[in-house]
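Visitor: In order, the protein sequences belong to chains A and B.
Counting with my numbering, you get residues 1 to 567 for the letters of the first sequence.
Counting with my numbering, you get residues 1001 to 1567 for the letters of the second sequence.
Just so you know, even glycine gets a beta-carbon here, dropped at the ideal spot from N, CA and C.
Number of protein chains: 2
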Amino acid sequence: MRMQALWPEWLKNYRRDWLSGDLTAGLIVTVMLIPQSLAYAMLAGLPPEVGLYASILPLVAYALLGSSMTLAVGPVAVASLMTASSLAPLAAQGTPEYLTMAILLALLSGLMLIAAGLLRLGFLAWFLSHPVISGFISGSAVLIAIGQVKYLLGIRFSSSGVLSTVEGLIRHLPETNTVTASIGIAALAFLFFARSQLAGLLKHIGVPARAADLATKLAPMAAVILSTVVVASLHLDETAQVSIVGKVPAGLPVLTLPLPGWDALNALWVPAMLISLVGFVESVSVAQSLAMKRGQRIHPDRELLGIGAANMASALSGGFPVTGGFARSVVNFSAGANTPAAGVISAVMMSLVLIGLTSWFHYLPHAVLSATIIVAVLGLIDTHTLKEAWHYDKADATALLLTFFGVIMFGVEEGIVIGVALSLAVLVWRSSHPHMAVVGRVPGTEHFRNIERHQVETLPGLIALRIDESIYFANAQLLEEKIESLLLQQPGTQHVLLILSAVNQLDTTGLGMLTELEKSLAARHVLLHFAEIKGPVLDRLRDTPLGERMKDRIYLSTHQAFLACAA
Amino acid sequence: MRMQALWPEWLKNYRRDWLSGDLTAGLIVTVMLIPQSLAYAMLAGLPPEVGLYASILPLVAYALLGSSMTLAVGPVAVASLMTASSLAPLAAQGTPEYLTMAILLALLSGLMLIAAGLLRLGFLAWFLSHPVISGFISGSAVLIAIGQVKYLLGIRFSSSGVLSTVEGLIRHLPETNTVTASIGIAALAFLFFARSQLAGLLKHIGVPARAADLATKLAPMAAVILSTVVVASLHLDETAQVSIVGKVPAGLPVLTLPLPGWDALNALWVPAMLISLVGFVESVSVAQSLAMKRGQRIHPDRELLGIGAANMASALSGGFPVTGGFARSVVNFSAGANTPAAGVISAVMMSLVLIGLTSWFHYLPHAVLSATIIVAVLGLIDTHTLKEAWHYDKADATALLLTFFGVIMFGVEEGIVIGVALSLAVLVWRSSHPHMAVVGRVPGTEHFRNIERHQVETLPGLIALRIDESIYFANAQLLEEKIESLLLQQPGTQHVLLILSAVNQLDTTGLGMLTELEKSLAARHVLLHFAEIKGPVLDRLRDTPLGERMKDRIYLSTHQAFLACAA
C-alpha cells in the first residue's frame, strides 16, 4: 500500500486507450535509440555495450520520478562529448579506469541532481540565458561534427582541441581509407537525403504525412542494417581494413555501484557539476516546450529528481551520463507517446536487444556511426535564435557568439563556464547602467511620463526622477552621480522626488547611498522625497534610520508627491 | 605648452593659501608612512627598503593622474598580504626571484588598472557589494593580525593557512623570546592606549582637540623611535636575540623596468587582477567618502588611471603593489590636505629619509613593526556594517559573514573570489524570485495597488498582474508559471493584463516566453494586454512579431487598460 503511494500519477491513473500511442512511440524511439546509443558511447570513448546499458534502467527511473510525459531519456551527444573531454586528462580511452571514471561521473552527476532537486534548486537552470544555451549547443555540435570526420574517412590520429584536429585531418588526409570513406560518405549522403527530402518524396507518392515523417526517423537504422550487411558479406573489415564495432558482449548489465575514492571525487566533481547543469538545462527546455504544446506542466524540481535518478540508474547498470535528448523526445512526442510508459517499453526492447541481438552489431562500421552522429548534431545547430537575438538585442547575440566560439576554441567545459559568466555579466552590466527618466505630469491626468518623450507639465524647483532599475551595489554610485549632475543643471532646486515604481530591491549598499544622499541634500537645503515605493521595499525601509527621517516625505503616488511639493 | 595641457587641474589653478594645509598634511602623513611602509614591506615578505621605494614615485604619479584631492597612496595592509599570499607558491621569501615577482605584480597590476581606465571600466568596481567588501577587509585584518603574533613574540616557524598558524603558535609558545615579547607587547599596549585613550586624555589636560587627535597618529613613530633607542643602547639584538630590521641600503631606488617572461605572466596575471580589483575598490571607496564630505567629486575612470600609474611607478622604482590606504587618507584629510600636493610633499620627505636616514632603522625591532601592523589592521575590522546589514537584509549579512570566514579559512584570493560570486549570487537569486502583485484600482483615483495590501476595486474576468522585476532568463519561467497558476484559480478569465512599470529590461529569453505565452493564451480565448511599458523596452518590443501581434493591446497607463478591458 505504501509503495503504491509513491507511484507516479500517470501510472495510478493509467487509461487503456493511452497504450497504443505509448507502444508505437516506444517502438519507434527504440529503433532510433539503438544506433544512437552505440554512436554516443563511441563519442564518449566507451565500448558500444555501455551505450546500450545506459538505455535501459535510466528510462525506467525517469518514468517513475520525472514530470514530463514525453521526454525521451538516454545517452545524448553533448553529454557524451563532455564525458570524453572531462575524462581525457584522467585516464586513457579503452582502459578499465576510463570506464570506471565514466560510471562515477554518472553517479556523481545523479547525486548532485537529486540533491539539487531535494533542495529545490530547479531555478538554477534559469541562470543560463536562452541565447547562451543556443550558442553552447551549436558550438558543441560543430565540435562533435569536426571530431567525427576522421572516423568517417577511416583516418587514425590523436588530437586535442579543434585546431589540432583540423590540422591532423589535413596532414593525414592522404591516408584516407577509400572503402571506409565511401561507406561513410554514402551513409552521410543517405541520412541527409532522408532528413531533408525523404518525407516530401514519400508524401508526394501518396504515403500518409505522419507515416512519411516517421519513416525518415528510421533512416539511421536502415543505414546501420544495410552497411552491416555489406561489410559482413564482403568481409570488408579484413579485405579493406574497415573499422568495425566488433564483439559486443551479450546479456544484461550486472548491477554494481562503484564507490569513488577521494582522488576520483576530487577530479570528477567539477565535470560532474557541469554535465549535470548542461544536461538538466537541455532536458528541461525540451520537456518544457513539448509540455506547452499539450497544455501540460513541467516541475523543475521534479525534473531534477527524474534526471538525477536516471543517472544513478545508469551508474548502477554500468552506463555513463544520460539526460533527455532533443531529437528523440520530439519523435516520441509526435509518434503519440501519452505517458512515460513509452520509455518503459523502449527499455524492455533494449533489454531484448542486449540479450539476443548484440552479435548483429559485430560488422557495423564505425564510419556509419560517425555519419549518424554528424547528421544528428548538425540538426542541433540553431541559427534562428542568433538571427532573432541579433535583431532584438545585440548584447544577447554577442553572448551567443562568444559562447559558440568559446566552446569551439577552448572546449565544452570552458565554454559552459564562459556561458554562465556571460549570462551574468550581461545581466549585471545592464542593471549597472540603469535607465533613469526625469518625468512630468501628462496634462489632465494623474499619470507621469518621461519629459523627453511626452508633452508633460513640470514644477519649478522640483526634480522628479524615475529610476528604472532596482537600486543595489552595482548602480548605487551611478544613481548618486545622476542626481548630483541634475542638481548642477538646475541650481534653484528645492525638492528631489525619486519615483521608485521600478525599484524592486534596495540592498544594503543602495540604502547606505540613499542615507548619505539624504543627509548631503539636507545640508544644501534640498528635500528628498520618495513616491510609489513597492510594499516589500517600504516594509524594510520603514525600520531604518533613513525611513525614520523620511517618514513624512514618502507618498503613495507620484501625483500626491507632486501636490505636496507644489504646496 | 602641450605638456602643460596635460597637467592636472589642481596644479594649474594652485592657490597659495592651500600650501599650509598641504604642507602640514604631507608632514604628518610622512611620519605615519615611515613605520607603515617598513611594516607592510615586512608583511609582504620583502626587504624594508622596498616599502620606502613604494612610498615615493607612486605618490607623485597619483598626484598627476588621480581625481581625489585627499587620497594618500602607498603600501597598504591588504594588498601587502595579497602580495605575500600570491607569491608564496612561486618563490621563497628573501630570494631575488621573490623581489622580482613582487615588482612584476605591481607592473601587471598597474597595466591592468590603466587599461581598465582607458576602457572606462570603472563601473566594475561596483560589482562588489558594500557588505562583501566589509567582510573581505575584516577577514583580511584578522588573518594579518594572527600572522603577526609570531613576530610579536619572537617565535620562528613557517605555516600556511590560519589553522596551521594557530597550531604553530600553540606548539612553539614555549620558545617565546621574553625580551622580544616584552618589547612587542609593550608597543602593542602603548599603541592601543594611544588609539583609544590618548586623545581624550590630552583634551582633558587642555590640549586643543585637533592637536590631540593628530598626536595619536604620531604614536607609531614614537614607538619606533623609543624601541630603536632601547634595542640599540642595550645591544638587545646580540644579548637577547631580538630580531631587528638590520641594514637598510641608503640612496634612492635605481629606476629599471623588469619585463615579465611568459611563465611569470602566466603565474601572476590572476593575482595581479585580484590585487587590482581589491586595491581599486578599497581606494575608491575611501576617496569617495572623503570627497562627499567636502562636496568634491571622484571620477572612477580617472581613479583607475591614477592608481594604475602609481603601481607602474612603484614597479619602475623597485616597489610592490600600492593603493590608496584608509587610515592615512583619513589623517591626510583631517590634517587639512587641500590637493595632492600633500602627497608630493610626502614623497620628497620619503626621498630625504632614503638618502640620509636609513641607518636609523638598523636597530628597529620587528616586534614593534608587528605591533604597528596589528593595531592598524584591527582598526579595519568593521562590525557596524554587519549590524546594519543583519538588521536590514539577512542575505547581505550572510554574504558578509561568508566572505569573512571565506577569507580566514581559504585565504585572501579565494576570499575575494567568494565575495564576487556571492555578490552576484545574491543579485541573481533575488531577481530570479521576483515579487508579483495582483492589483486593483484605489477607489476614486487612477492609481492601482496590490489587492492584498490595499482596499481596491477589481474587474471580473480580468487578472491585472504587476511584475516587480525585469523579465529575463533567470525569472521568465517563474513568471509564466505564476500566470498559469492564476488562470487555474480564476477559470472565467478573459483578459490578462501585465503591468510592466517595473520591467526595466526584457531580454531575448523573456521575449521568447511572452511570445509563447501570448499564443498559448490566445488558443484558450484569453487576451494578453500590456500597460505602462517603459519607453526603452517598448522601442525594442515594437519591432518584434510579439509587438506586431499585440499592438492594439498596449496601453500607456493601467487606467486606460482597465477601461479598455471593462468595455
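Using a 10 Å radius around the Cβ and a threshold of 16 neighbouring Cβ atoms, would you call T1558/B buried or exposed?
Guide: Classification for T1558/B: buried.
Visitor: What's the C-alpha gap between F1190/B and L1043/B?
Guide: F1190/B and L1043/B: Cα-Cα distance of roughly 21 Å.
Visitor: What's the call for E1175/B, buried or exposed, on a 16-neighbour Cβ count within 10 Å?
Guide: By the 10 Å Cβ count, E1175/B comes out exposed.
Visitor: Am I right that V322/A and A54/A are in contact with their C-beta atoms under 8 Å? What's the rounded C-beta distance?
Guide: Confirmed, Cβ separation roughly 5 Å.
Visitor: Relative to the alpha-carbon of I585/A, which residue among L124/A, T544/A, A145/A has its alpha-carbon at the smallest distance?
Guide: The structure shown does not extend to residue 585/A, since chain A spans only 1 to 567, so no value can be given for it.
Visitor: Decide if the region 1265–1276 of chain B is in contact with the region 1324–1337 of chain B; the criterion is three or more beta carbon pairs, one per stretch, under 8 Å apart.
Guide: In short, these stretches do not touch, since the Cβ pair count stays below three.
Visitor: Could you name each continuous alpha helix (DSSP H) segment of 4 residues or more that falls completely within the region 1212–1261 of chain B, going from the start of the chain to the end?
Guide: As far as the region 1212–1261 of chain B is concerned, its whole alpha helix (DSSP H) runs of at least 4 residues are 1219–1234, 1236–1239.
Visitor: Label L163/A either buried or exposed according to how many other C-beta atoms from any shown protein chain fall within 10 Å of its C-beta, with 16 as the threshold for buried.
Guide: Per the 10 Å Cβ criterion, exposed.
Visitor: Indicate the three-state DSSP secondary structure (helix, strand or coil) for R2/A in the structure shown.
Guide: With a pLDDT of only 49 at R2/A, under 50, the local geometry of the prediction cannot be trusted, and no value is derived from it.
Visitor: What are the boundary residues of the beta strand (DSSP E) that includes F1448/B?
Guide: Element bounds for F1448/B: 1448–1450.
Visitor: Only counting the same chain, and skipping five residues up and downstream in sequence, which positions put a Cβ closer than 7 Å to that of D507/A?
Guide: Closer than 7 Å at Cβ, skipping near neighbours: Y472, F473.
Visitor: Please list, in chain order, the chain D residues whose beta carbon lies closer than 7 Å to that of L511/A.
Guide: Here the protein chains are A and B, and chain D is not one of them.
Visitor: So, under 8 Å CB-CB, T1070/B and L1290/B are touching, yes? Tell me the CB distance rounded to an integer number of Å.
Guide: Yes, T1070/B and L1290/B are in contact; Cβ-Cβ is about 5 Å, under 8 Å.
Visitor: Pairing CB atoms from the region 404–411 of chain A with CB atoms from the region 175–185 of chain A, are three or more of them under 8 Å?
Guide: These segments do not touch.
Visitor: Which chain B residues sit within Cβ distance under 8 Å of A389/A?
Guide: Ordered by position in chain B, the residues that pass the 8 Å Cβ test against A389/A are T1508.
Visitor: What span of residues does the alpha helix (DSSP H) with V368/A cover, start to end?
Guide: V368/A -> alpha helix (DSSP H) spans 366–378.
Visitor: My output table needs one value for G74/A: the three-state DSSP class, helix, strand or coil.
Guide: Note: G74/A maps to strand in three-state DSSP.
Visitor: So, does the CB of F1473/B fall closer than 7 Å to a CB anywhere in chain A?
Guide: Yes, its Cβ sits closer than 7 Å to a Cβ of chain A.
Visitor: Assuming L1465/B and V1426/B form a contact by the criterion Cβ under 8 Å, report the distance between their Cβ atoms to the nearest whole angstrom.
Guide: Contact doesn't hold; Cβ gap of about 25 Å is too wide.
Visitor: Going by alpha carbons, who is nearest to E49/A out of I355/A, E413/A, T445/A?
Guide: For the residues I355/A, E413/A, T445/A, the minimum Cα distance to E49/A belongs to I355/A.
Visitor: Taking Cβ-Cβ distances shorter than 9 Å, what residues in chain B pair up with K551/A?
Guide: Within 9 Å Cβ-Cβ: nothing; K551/A doesn't reach chain B, min ~16 Å.
Visitor: Between the region 1486–1496 of chain B and the region 1522–1540 of chain B, do three or more beta carbon pairs fall short of 8 Å?
Guide: Output reads yes: the region 1522–1540 of chain B touches the region 1486–1496 of chain B.
Visitor: What in chain B is Cβ-close to K150/A, meaning under 8 Å?
Guide: Simply none; closest approach about 32 Å.
Visitor: Using 10 angstroms around the beta-carbon of D468/A, count the other beta-carbons present and answer buried if the total reaches 16, otherwise exposed.
Guide: Buried, by the Cβ-count rule.
Visitor: Are S501/A and S1501/B touching if we call contact CB-CB under 7 Å?
Guide: Yes.
Visitor: Would you give the residue range spanned by the alpha helix (DSSP H) that F157/A belongs to?
Guide: First-last for F157/A: undefined, no H or E at that position.
Visitor: Just how far apart, CA to CA, sit G51/A and G74/A?
Guide: Cα to Cα, G51/A sits roughly 9 Å from G74/A.
Visitor: Under three-state DSSP, which class holds V284/A?
Guide: V284/A falls in the helix class under three-state DSSP.
Visitor: So, is the C-beta of E413/A closer than 7 Å to a C-beta in chain B?
Guide: No, no contact with chain B.
Visitor: What do you get for S1233/B, buried or exposed, if any count of 16 or more other CB atoms within 10 angstroms of its CB means buried?
Guide: S1233/B is exposed by the Cβ-count criterion.
Visitor: For A1502/B, return the contacting residues in chain A, with the cut-off set at a CB-CB distance below 7 Å.
Guide: What A1502/B touches in chain A: S501, A502, N504.
Visitor: Given a limit of 7 Å on CB to CB distance, which residues of the region 1109–1123 of chain B reach chain A?
Guide: For the region 1109–1123 of chain B, which is checked against every Cβ of chain A, the residues closer than 7 Å are F1123.
Visitor: Please compile the residues from chain A whose C-beta is within a distance smaller than 9 Å of the C-beta of S1351/B.
Guide: Residues of chain A passing the Cβ test: none, with the nearest at roughly 36 Å.
Visitor: Kindly give me the distance between the Cβ atoms of G1030/B and F1320/B, rounded to whole angstroms, as I take these residues to be in contact under 8 Å.
Guide: Note that residue 1030/B is Thr in the sequence shown here, rather than Gly. So it is not a contact: roughly 19 Å between Cβ atoms.
Visitor: What did DSSP end up calling E484/A once you bin it into helix, strand or coil?
Guide: Note: E484/A maps to helix in three-state DSSP.
Visitor: Taking the alpha carbon of S160/A as the reference point, which residue from A88/A, A186/A, Q241/A has its own alpha carbon closest?
Guide: Of A88/A, A186/A, Q241/A, the residue nearest in Cα terms is A88/A.
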